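Since the structure comes first, as structure tokens, the remarks are kept for the end.
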Amino acid sequence: MSSPKRKSMLSTLYFSLLIVVSLSFFLFCLTSAASDSFIPKDVILLDCGTDSDSNDADNRHWTGDANSRFAPASQNTLPVQASNQDTSLPSKTPYMTARIFNSNFTYTFPVTPGRHWVRLYFYPSDYKPHNSTAALFSVTSGPFSLLHNFSASAAALSGNLAYIIREFSLNATDTSLNLTFSRMLDVSGSYAFINGIEIFSMPVDLLSVVAPFITTPQSLPVASPFDSLQTMYRLNVGGQYISPNQDSNLSRIWYDDTPYIYGAAYGVTFDKDPNVTINYTSITPAYIAPVDVYASARAMGPIWEVNLNFNLTWIFPVDPGFYYVVRLHFCEIQSEITVVNQRVFEIFLNNQTAEKMADVIAWSHGLGIPVYKDYIVYVPNQETSNSQTDLWVALRPYTKSGSEWYNSILNGLEIFKRNDSNGNLAGSNPNLPPFVALAPSTPNSSKTTDSRSRGAIIGGASAGVAVFLLILGGLCCFCCGRRTKGSQGGSESGPSGWLPLSLYSHSGNSKASTVSGKSGTGSHVSSLPANLCRHFTFAEIKEATNNFDESLLLGVGGFGKVYKGDVDNGTKVAIKRGNPLSEQGVHEFQTEIEMLSKLRHRHLVSLIGYCEEDCEMILVYDYMAHGTLREHLYKSGKPPLSWRQRLEICIGAARGLHYLHTGAKHTIIHRDVKTTNILLDEKWVAKVSDFGLSKTGPAVDRTHVSTVVKGSFGYLDPEYFRRQQLTEKSDVYSFGVVLFEVLCARPALNPTLPKEQVSLAEWALHCQKKGVLEQIMDPYLRGKIAPECFKKFAETAEKCVGDQGIDRPAMGDVLWNLEFALQLQESSEEDIVADTTQIENDEEAPLTMKGKDGQGVFDDTTTTTSTGISMGGRSLASDDSDGLTPSAVFSQLINPKGR
1 MSSPKRKSML
11 STLYFSLLIV
21 VSLSFFLFCL
31 TSAASDSFIP
41 KDVILLDCGT
51 DSDSNDADNR
61 HWTGDANSRF
71 APASQNTLPV
81 QASNQDTSLP
91 SKTPYMTARI
101 FNSNFTYTFP
111 VTPGRHWVRL
121 YFYPSDYKPH
131 NSTAALFSVT
141 SGPFSLLHNF
151 SASAAALSGN
161 LAYIIREFSL
171 NATDTSLNLT
181 FSRMLDVSGS
191 YAFINGIEIF
201 SMPVDLLSVV
211 APFITTPQSL
221 PVASPFDSLQ
231 TMYRLNVGGQ
241 YISPNQDSNL
251 SRIWYDDTPY
261 IYGAAYGVTF
271 DKDPNVTINY
281 TSITPAYIAP
291 VDVYASARAM
301 GPIWEVNLNF
311 NLTWIFPVDP
321 GFYYVVRLHF
331 CEIQSEITVV
341 NQRVFEIFLN
351 NQTAEKMADV
361 IAWSHGLGIP
371 VYKDYIVYVP
381 NQETSNSQTD
391 LWVALRPYTK
401 SGSEWYNSIL
411 NGLEIFKRND
421 SNGNLAGSNP
431 NLPPFVALAP
441 STPNSSKTTD
451 SRSRGAIIGG
461 ASAGVAVFLL
471 ILGGLCCFCC
481 GRRTKGSQGG
491 SESGPSGWLP
501 LSLYSHSGNS
511 KASTVSGKSG
521 TGSHVSSLPA
531 NLCRHFTFAE
541 IKEATNNFDE
551 SLLLGVGGFG
561 KVYKGDVDNG
571 TKVAIKRGNP
581 LSEQGVHEFQ
591 TEIEMLSKLR
601 HRHLVSLIGY
611 CEEDCEMILV
621 YDYMAHGTLR
631 EHLYKSGKPP
641 LSWRQRLEIC
651 IGAARGLHYL
661 HTGAKHTIIH
671 RDVKTTNILL
681 DEKWVAKVSD
691 FGLSKTGPAV
701 DRTHVSTVVK
711 GSFGYLDPEY
721 FRRQQLTEKS
731 DVYSFGVVLF
741 EVLCARPALN
751 PTLPKEQVSL
761 AEWALHCQKK
771 GVLEQIMDPY
781 LRGKIAPECF
791 KKFAETAEKC
801 VGDQGIDRPA
811 MGDVLWNLEF
821 ALQLQESSEE
831 DIVADTTQIE
841 NDEEAPLTMK
851 GKDGQGVFDD
861 TTTTTSTGIS
871 MGGRSLASDD
881 SDGLTPSAVF
891 SQLINPKGR
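For the sequence shown, the UniProt record's numbering assigns the number 1 to the initial residue and increments by one for each residue that follows.
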């Protein structure tokens, strides 16, 4: 090669290398500068009602407010101590001490001008001689009303919480920030109080951007210097709880998003690929959200056909009459997604399109680069009341883009409420506090994120947990290893991911009983009620199902496959074999056994026994010859059920649920009522099944059970979802959906229909109120339902799916009305038969029985068939059919015990 040509190539190579190095250095500087942690100028943690300093559970240092520079005029206040410490408090600081105000009092905090986080801590305990329910007060800061006639006790009670945290973003225009507490003057004995106050400087540009207002083409500032905001929600979507000391020196708390997901469509969660690094930029600095938010995500799932049939949706209770800033955090953390148009999706806020073609790679320009998007939505006042309403956030694939993945993704979410034109941020009172201090649930051990180093206490606890999990893991491997080597014809999917159930004993008693299998030679340790139902060996189960012959497969559910089996030389059974990859696991397995082994009722499916050998979880039930109710309603090709059959099946299911609610020793809430969980035996007797999600009802002195929302998409009680408060009325709502499903012969959800018709409950309720419900009923039933029966059935279903649980009837009332509807149907059919017989008799009667005008006449001996039904000494046909009042005529309501 000639020398000039070689020099030219070297020059070109050198120039290219120089460009690459320069760009790399520029990007490194940009990323490094952007990723530097924000250092707040003002950091105040004030423990109210004490003169001593202390640390909280996150090892943050709090200063007592007594005689402090923040409260110089403390002579009009009273430092107090809580009379008791709730077990769910994360630490004594700052909750166990408080400062009480019987007149207006102002804290004055010297700060640098600019926007600050202000967090108020309330623990509504009794501070003797002050009762917690007497605390009614307002909090203001300059022209802004943060809380108005606020009752911390009512707010905590409505959310079943021990303590409340309210977070605000306030802009200090000078060198001080004031907080004024004032009691409600028109209520005798009222007072104000506060347990702790936090003040942190905020980055200048954290909330200084503009955002599109989704109902108009204009953009609005997220927060002008003259606005204040309240944090309503801050969620680590698809990830775990993030504590204050893990969050870029801003001490924010990020909660799990699971309680807010609509229905059962949870999608899938995942962590970033090991070879992906989170790289902040000047557009998205590190203080926007911590690494842990962007290192995990929630998506719709791996099957694109399924993804096209639902939206990934979250629902948030909010106060009406305010503008809300919705901030969504995104980061592509899967190595497969690297170029534009691989994953494109739509974003909806309150059923309005916020983003038509969301493409995270197009926004961020790379893998592992965070980006966030702000949107502003207005939630109007409701016509009926000022109570809370819902704000919906939904994602779905955008198919018109022709993208490679029909999917959507979200890493984090924040919702801020902006003050109204009067400077007000306060919502209705009492209300369900949206931004609440939910104690973090037990972390999901499968999650691994780039968490920063914890304190010594957390580290020690984590080490202990790790050792414990290693021991359990070893036991699991040992158990599954034995099964793999010694079991013939075992699970086709390999070693189970479950542990032996005995390791999950609630009591933790090491002296669990040893139960021998019927025909097995070994024994195993179990905490299950062997005295109430039978234990089967795995060998017996394999024999009963011909080694799980697929020709005996009855169906597949959330727990696993169900096979038809034969035990004890001829007894037909249904054998449900758990799938280790299923979302339902040990807890559901044990709940099903514990519930059904203690319940016996004609309309509850009978549990014969179980098997938990070789890492298997298997349940054995009575065989239901006619399968599920759903397969006799649609999409199965089976002959349609008559209206009378459907009524009798609904009545049977209602009897079973009524027994659970009132006839058992303790109230039992099924929590997963749907047509696939109503089984039919050889005589078409309905039996309620699948108790894996069931919960024991509230104690006598409580109105509800607070629990994570579980259930099935389309049947889920909206009030239970909003509040995470489970009652018997949640079952009533689900059963109302079943009633409409029986009447209309269509699924509870059908995503292929127009938006307003997707949800059967909503569409049927709309049609019922418009008086056109008969237009969407099963065509097979048209002309076969007596008008009075149809009216009673429709009214009953309508009341069941009421939005508020208090407006729904009890299951006993539902049962009575269905019995009444059946009587009305039977009476109408008898009238038709009587009328037909009368016509035939008239045709054969002599002409002297006819009037001169040809019309029929009756003599004194002729009797008519009354359309009224005499029940319990009264005519039901003459009663107001709108009432839902039980009658003594139904003996099963008087004595709802199992038969």
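We put the beta carbon where it would ideally sit given N, CA and C, even for glycine. Every value quoted in this text rests on a predicted model; they were computed, and no experiment measured them.
Residue 197 sits away from residue 95, with the two beta carbons spaced by 8 Å or more. DSSP, read as helix, strand or coil, puts residue 651 in helix. Looking at 802, 420, 730, 646, the one whose alpha-carbon comes closest to that of residue 764 is 802.
In this structure, DSSP gives residue 576 an extended state, which the three-state scheme calls strand. Residue range 304–307 is occupied by the alpha helix (DSSP H) that includes residue 304. As the crow flies, the alpha-carbon of residue 315 is around 30 Å from that of residue 579. In this structure, the straight-line span from the alpha carbon of residue 645 to that of residue 760 is close to 22 Å.
Within 10 angstroms of the beta-carbon of residue 287 lie 16 or more other beta-carbons, which makes it buried. In the DSSP assignment, residue 731 falls within the alpha helix (DSSP H) that extends over 728–744. Per DSSP, the unbroken alpha helix (DSSP H) holding residue 720 starts and ends at 718–723. In the assembly as shown, residue 39 is an exposed residue. Its beta-carbon has fewer than 16 other beta-carbons within 10 Å.
For the pair residue 81 and residue 164, the Cα-to-Cα distance works out to about 17 Å. Distance from the CA atom of residue 69 to the CA atom of residue 76, rounded to whole angstroms, is 16 Å. Using a 10 angstroms sphere on the CB of residue 625, the tally of other CB atoms stays under 16, which defines it as exposed.
Two segments are said to touch when three or more pairs of C-beta atoms, one from each, lie closer than 8 Å; by this definition the segment 646–654 does not touch the segment 569–579.
The secondary-structure analysis by DSSP pairs residue 417 across a beta bridge with 230, 324. Here residue 414 has 234, 327 as same chain residues with Cβ atoms under 6 Å from its own Cβ, once five neighbours each way along the sequence are excluded. Between the C-alpha atoms of residue 347 and residue 103 there is a straight-line separation of about 48 Å. Listed in chain order, the alpha helix (DSSP H) runs fully inside the segment 354–419 are 360–364, counting runs of at least 4 residues. Where residue 152 is concerned, the enclosing alpha helix (DSSP H) starts and stops at 152–158.
Going by DSSP, residue 768 is part of the alpha helix (DSSP H) stretching over 760–770. Nearest in C-alpha terms to residue 71, of all of 89, 83, 100, is 100. Of the residues 648, 122, 371, the one whose Cα lies closest to the Cα of residue 816 is 648.
Between residue 47 and residue 97, the gap from beta carbon to beta carbon is short of 8 Å.
Boundaries for residue 533: no alpha helix (DSSP H) harbours it, and the DSSP string shows neither H nor E there. Secondary-structure assignment with DSSP links residue 236 through a beta bridge to 256, 412. Setting aside the 5 residues that flank it on each side, residue 337 is surrounded in the same chain by 343, each with a C-beta closer than 6 Å to its C-beta; the list follows chain order. Looking at 376, 724, 560, 685, the one whose alpha-carbon comes closest to that of residue 223 is 376. Residue 196 sits in a strand when the DSSP states are folded into three classes. Non-local beta-carbon contacts of residue 404 in its own chain, meaning distances under 8 Å to residues more than five positions away in sequence, involve 341, 342, 343 in chain order.
Secondary structure at residue 219: strand, using DSSP grouped into helix, strand and coil. Between residue 738 and residue 675 a beta carbon distance of about 6 Å is seen, short of the 8 Å cut, so the two are scored as contacting.
Secondary structure of residue 787 (DSSP, three-state): helix. In the DSSP assignment, residue 294 falls within the alpha helix (DSSP H) that extends over 291–294. Checking the DSSP bridge columns, you'll see residue 271 partnered with 296.
Scanning the segment 603–683 from its first residue to its last, the whole alpha helix (DSSP H) runs of 4-plus residues come out as 643–658.
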